[in-house]
Amino acid sequence: MQRLTISLDDDLAAAFDELMRQRGYANRSEAVRDLLRRELGERDLSSGAATECVAVLSYVFDHHERQLSSRLTDMQHDHHDLAIATMHAHISHQDCVETVILRGATQAVKAFAEGVIAETGVRHGHVQLIPTSAGPAPGPVWRRRA
Ligand code: NI
């Protein structure tokens with residue numbers, strides 16, 4: 002463990018404390034650690050250094066829309082190596098929300114998620130990629146226990 006001392010302008014320090022308060026951080030160290038991990042993870046994902054990842058894909062769809070439900074299920078079966086778990090909830094008479102946990106090569110995970118999000122009838126699609134390879138010491142976020 003290393004201890005870092007940093008200097009911030011008063012305005013930036015106040016904005017940081019406000020951000021911490023809004024997000025419920027108990028202390029500055031944990032807030033800085035999370036900001037750094039996020040930045041490093043995004044760098045590794047965008048540079049291609051993170052070749053492996055896990056991801057959380059979520060979306061809403063109308064289960065009355067012709068063939069959409071079975072098309073989405075087919076996509077997951079076709080990529081059963083990537084789609085390791087799916088949760089489905091019926092949120093209204095016609096709408097469903099699904100969350101799919103993906104794991105695998107970053108490019109393949111990204112392509113799969115983007116394909117699902119682009120399906121006609123899929124709304125509010127979002128994917129969060131979490132690198133599990135590359136990058137310096139902070140370690141994969143998914144190995145941490147709260
Ligand atoms: Ni449903």
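So in this note's numbering the end of the sequence shown lands on 147, straight run, no missing numbers.
Where is the CB? At the ideal position from N, CA and C, for every residue including glycine.
Can you check which of these residues, the options, is closest to residue i by C-alpha distance?
| i | options | result |
| --- | --- | --- |
| VAL61 | THR133, HIS91 and ALA32 | HIS91 |
| THR157 | ALA15, VAL33, ARG22 and GLY116 | Nothing about residue 157 can be read from this structure; the chain reaches only from 2 to 147. |
| HIS65 | GLY49, SER59, CYS97 and ALA51 | CYS97 |
| HIS80 | SER59, ALA51, ALA112 and GLY49 | ALA112 |
| THR52 | ALA14, LEU69, THR107 and ILE102 | THR107 |
| ARG4 | PRO132, ALA50 and ARG29 | ARG29 |
Taking Cβ to Cβ, would you say residue i is nearer than 8 angstroms to residue j?
| i | j | result |
| --- | --- | --- |
| LEU73 | VAL117 | yes |
| ARG104 | VAL57 | no |
| GLY122 | ASP75 | no |
| SER134 | GLU99 | no |
| LEU69 | GLU120 | yes |
Applying the 10 Å Cβ sphere with the 16-neighbour rule, what's the burial state of residue i?
| i | result |
| --- | --- |
| ALA27 | exposed |
| ASP45 | buried |
| ALA114 | buried |
| GLY25 | exposed |
| LEU130 | buried |
| GLU43 | exposed |
Do you know how far the Cα of residue j is from the Cα of residue i?
| i | j | result |
| --- | --- | --- |
| ASP35 | ARG67 | 42 angstroms |
| ALA16 | SER71 | 47 angstroms |
| ARG124 | GLN77 | 17 angstroms |
### Cβ contact (3+ pairs, closer than 8 angstroms) linking the segment 21–39 and the segment 82–98
no
### Query
Between the segment 9–27 and the segment 79–87, do three or more beta carbon pairs fall short of 8 angstroms?
no
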